[in-house]
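What follows is one structure encoded as structure tokens, with my remarks underneath.
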Amino acid sequence: MSNLLANWLGPEEWRAVALSLQVSFWAVAASLPPGLFIAYALARWRFPGKQLLNGLVHLPLILPPVVTGYILLLGLNPNAPLGRALAEIGIVFAFSWTGAALAAAVMAFPLMVRAIRLAIEAVDPKLEQAAATLGAAPVWVFLTVTLPMVLPGIVAGAILAFAKAMGEFGATITFVSNIPGQTRTIPSAIYAFLQVPGGENAAMKLVLVSVTVAMAALLLSEWVGRRVAARVGGRDA
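For the sequence shown, the numbering used here gives the first residue as 53, with consecutive numbering after it.
This is the structure we're talking about:
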């Protein structure tokens with residue numbers, strides 16, 4: 053598959069595809085643990101500021117992506133206190149692929165959290181309570197009772213977040229610019245190709261790749277979710 057794409061796409065288009073895959077993978081990998089924790093907290097716990105946390109989690113869905121990218125740029129650029137402190141320990145986000153991954157993770161985070169939260173809320177709390185009355189610690193209850201039952205939601209959320217990260221444009225280009233080979237993902241490359249005469253062919257190729265990846269992610273999310281649910285329920289898929 054990679055050889056076929058490499059032959060069909062030019063070097064610059066292929067770099068954009070490869071970088072998008074890298075950015076999306078790390079965006080999902082980095083956001084999945086906190087996403088699972090926050091989804092569980094929103095679904096099961098009562099605490100002051102819960103509605104505020106829920107609003108902050110879903111804020112990237114409401115704000116224009118450019119605004120989200122600008123907020124990241126303000127807080128994490130090398131001249132900002134936080135950005136400067138991170139740079140001193142070797143962590144740089146602004147104008148690098150790691151920043152593109154961060155922007156993609158922030159934009160995809162609400163979709164991931166929502167999918168996992170809905171899956172957790174669908175689990176009967178009485179099952180967890182029954183395990184707790186038998187002496188199981190809360191962590192063990194989560195690992196042995198809750199987690200297997202919400203696994204389809206986790207898988208679906210991760211795949212949807214991956215697809216969203218692949219298509220993120222506004223926050224990414226605002227935060228890390230559009231640097232070929234460093235921050236130029238598929239959407240940024242499409243935008244760049246459409247700004248130059250004769251770039252429509254390359255842009256169309258990347259559009260087809262983007263649509264294919266998005267559709268594949270949706271279909272894979274459905275298929276994996278059903279397979280995992282069938283295994284957890286002891287049924288054949």
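Think of the CB as a built atom: it goes at the ideal place given N, C-alpha and C, for glycine as much as any other residue.
In this text, all values refer to a predicted model and were calculated from it rather than measured experimentally.
For Gly101, the three-state secondary structure derived from DSSP is coil.
Distances from the alpha-carbon of Gly222 to those of Pro112, Ala70, Leu108 and Pro162 put Pro112 closest. Between Val158 and Thr120, the C-beta spacing is below 9 angstroms. Within the region 123-180, the runs of alpha helix (DSSP H) that reach at least 4 residues and sit entirely inside it are, in chain order, 133-140 and 149-173. Across the set Ile211, Ala208, Ala241 and Ala210, the C-alpha of Ala241 shows the shortest separation from the C-alpha of Thr224. Our two residues, Val197 and Pro162, have alpha carbons roughly 25 angstroms apart in a direct line. The beta carbon of Ala95 sits closer than 7 angstroms to the beta carbons of Arg169, Ile172 and Glu173 from its chain, once the five residues preceding and following it are set aside; these are given in chain order. Rounded to whole angstroms, the Cβ separation of Phe147 and Thr235 is 7 angstroms, and the two are in contact under 8 angstroms.
Under the 8 angstroms Cβ criterion, the region 241-260 counts as touching the region 60-72, having at least three qualifying pairs.
DSSP places Gly222 inside the alpha helix (DSSP H), whose first and last residues are Gly222 to Val228. When DSSP states are grouped into helix, strand and coil, Ile231 belongs to the coil group. Around the CB of Arg98, fewer than 16 other CB atoms lie within 10 Å, so the residue is classed as exposed. Trp192 has its alpha-carbon roughly 9 angstroms from the corresponding atom of Ala184.
In the DSSP assignment, Leu199 falls within the unbroken alpha helix (DSSP H) covering Leu199 to Gly219. By the criterion of at least three beta-carbon pairs nearer than 8 angstroms, the region 264-280 is in contact with the region 203-213. Per DSSP, Phe194 lies in no alpha helix (DSSP H) segment and is marked neither H nor E.
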